[in-house]
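Worksheet: one structure, shown below.
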Amino acid sequence: MISTHSLNSPLPNAHELGQRCIGAFTRVVPATLCAFYRIDAQLQAEHFSLYHMSQQMHEAYLQRYRHYDPLRPRNCVAAGRPVLSLHMGMAQQGRHETEVYQGFLQRHGVRDVVEILACNASGSPIAGLSLLRDASLGPFRPDELNTLQALQGLLEIAAQAPYSRHDERLEALTPRERQIAWLLRDGACNKTIAQQLALGLPTVKTHLINLFRKVGVNNRTELVSALFL
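Just so we're aligned: the sequence shown equals residues 274 to 502 in this note's numbering.
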């Protein structure tokens with residue numbers, strides 16, 4: 274559940290901003306897995322915020338499959354569409370790349386994908402949102418694509434809004450450790466963390482032990498205080 278903030282609350286960090294965007298879009302157009310990310314000057318996706326996507330799948334994507342992705346930022350920009358479906362993206366790349374990427378998606382049970390890009394005032398892409406569906410939800414319908422097109426402007430507003438960046442305390446953690454730390458700050462129990470990050474409970478406990486050791490604390494309360502207060 275995404276918490277609401279008063280007007281006097283501190284600016285959201287990059288992870289919170291991503292989770293808010295994911296929550297808003299998936300309430301209107303459901304998705305099985307999601308990823309919000311920033312786009313650098315070289316049109317490379319970075320600083321991912323994940324929803325129900327396993328770290329194993331995400332790391333496999335980054336290490337072996339992102340260059341086959343027909344919906345990576347560079348391809349979306351070349352297509353000239355702020356909202357691009359998997360079918361549209363695959364129609365613009367070679368057969369080999371398409372087969373490799375389809376194999377990756379199928380291994381993870383993904384049936385369809387839609388990419389939504391946000392640009393700044395000068396037209397340069399600065400953020401993106403990936404919505405992925407499994408067989409239970411099926412392909413994105415034309416009316417849903419139209420809805421996402423209508424909502425795309427809201428993503429641009431959110432992506433250009435001020436947000437706080439990670440300080441040195443969080444930068445010292447791995448991406449997975451940061452995800453767990455943010456969930457702990459929001460009061461999540463081990464079971465909730467496991468569900469949100471698609472991890473087993475023993476894995477969550479191992480991450481917590483490593484977090485406590487790395488930050489130099491003995492419990493969850495001390496960890497949240499050391500990282501966020």
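Virtual Cβ for every residue (Gly too), placed ideally from N, Cα, C. Remember, predicted model here, so these are calculated numbers, not experimental data.
Report the CB separation of residue i from residue j in whole angstroms; it is logged as a contact under 8 angstroms.
i      : j      : result
LEU357 : LEU344 : 6 angstroms
ALA364 : PRO346 : Wrong, their Cβ atoms sit about 18 angstroms apart, outside the cutoff.
LEU428 : CYS294 : 6 angstroms
What separation, rounded to the nearest whole angstrom, lies between the Cα atoms of residue i and residue j?
i      : j      : result
CYS307 : GLN425 : 15 angstroms
THR420 : PRO355 : 13 angstroms
HIS325 : THR305 : 7 angstroms
TYR334 : GLY376 : 12 angstroms
ARG486 : GLY460 : 20 angstroms
GLN315 : ASP416 : 33 angstroms
ALA394 : ALA351 : 18 angstroms
THR299 : GLN422 : 14 angstroms
VAL488 : LEU472 : 22 angstroms
ILE482 : ARG451 : 14 angstroms
GLU332 : VAL383 : 16 angstroms
MET361 : GLY353 : 11 angstroms
GLN366 : GLN336 : 20 angstroms
GLY396 : ILE430 : 13 angstroms
Terminal residues of the continuous alpha helix (DSSP H) containing residue i?
i      : result
ARG368 : 368 to 380
VAL256 : The structure shown does not extend to residue 256, since the chain spans only 274 to 502, so no value can be given for it.
VAL488 : 474 to 488
PHE501 : 493 to 501
GLY401 : Per DSSP, GLY401 belongs to no alpha helix (DSSP H); it is in the beta strand (DSSP E), 398 to 406.
ASP342 : Unbroken run through ASP342: none, as it is neither H nor E.
ARG449 : 448 to 458
ASP416 : 415 to 433
Among the residues of its own chain, which have a CB less than 8 angstroms from the CB of residue i, if the five just before and after it don't count?
i      : result
LEU474 : ASN463, LYS464 and ALA467
VAL477 : ILE453, ASN463, ILE466, ALA467 and LEU470
TYR338 : VAL373, TYR374 and PHE377
LEU418 : VAL356, SER358 and VAL387
CB-CB under 7 angstroms to residue i, same chain, minus the five flanking residues each way: which ones, in chain order?
i      : result
GLU388 : LEU344, CYS349, LEU357, GLY401 and SER403
VAL490 : LEU496 and ALA499
LEU457 : ARG493, LEU496 and VAL497
PRO303 : LEU410
ALA432 : ALA391, ILE399 and ALA400
LEU484 : GLU450, ILE453, ALA454 and LEU496
Grab me the residues of residue i's own chain with a C-beta within less than 6 angstroms of its C-beta, minus the 5 sequence neighbours each way, in chain order.
i      : result
ASP385 : LEU359, ARG406, PRO412 and PHE413
GLN328 : ARG449
ARG442 : LEU500
ARG311 : GLU319, HIS320 and ALA400
TYR341 : GLU370, VAL373 and TYR374
MET330 : HIS381
PHE309 : GLY291, CYS294, ILE295, SER322 and LEU402
HIS480 : ILE453
- Indicate whether the contact test is met: 3 or more Cβ pairs, each with one atom in the segment 395 to 410 and one in the segment 440 to 452, closer than 8 angstroms. no
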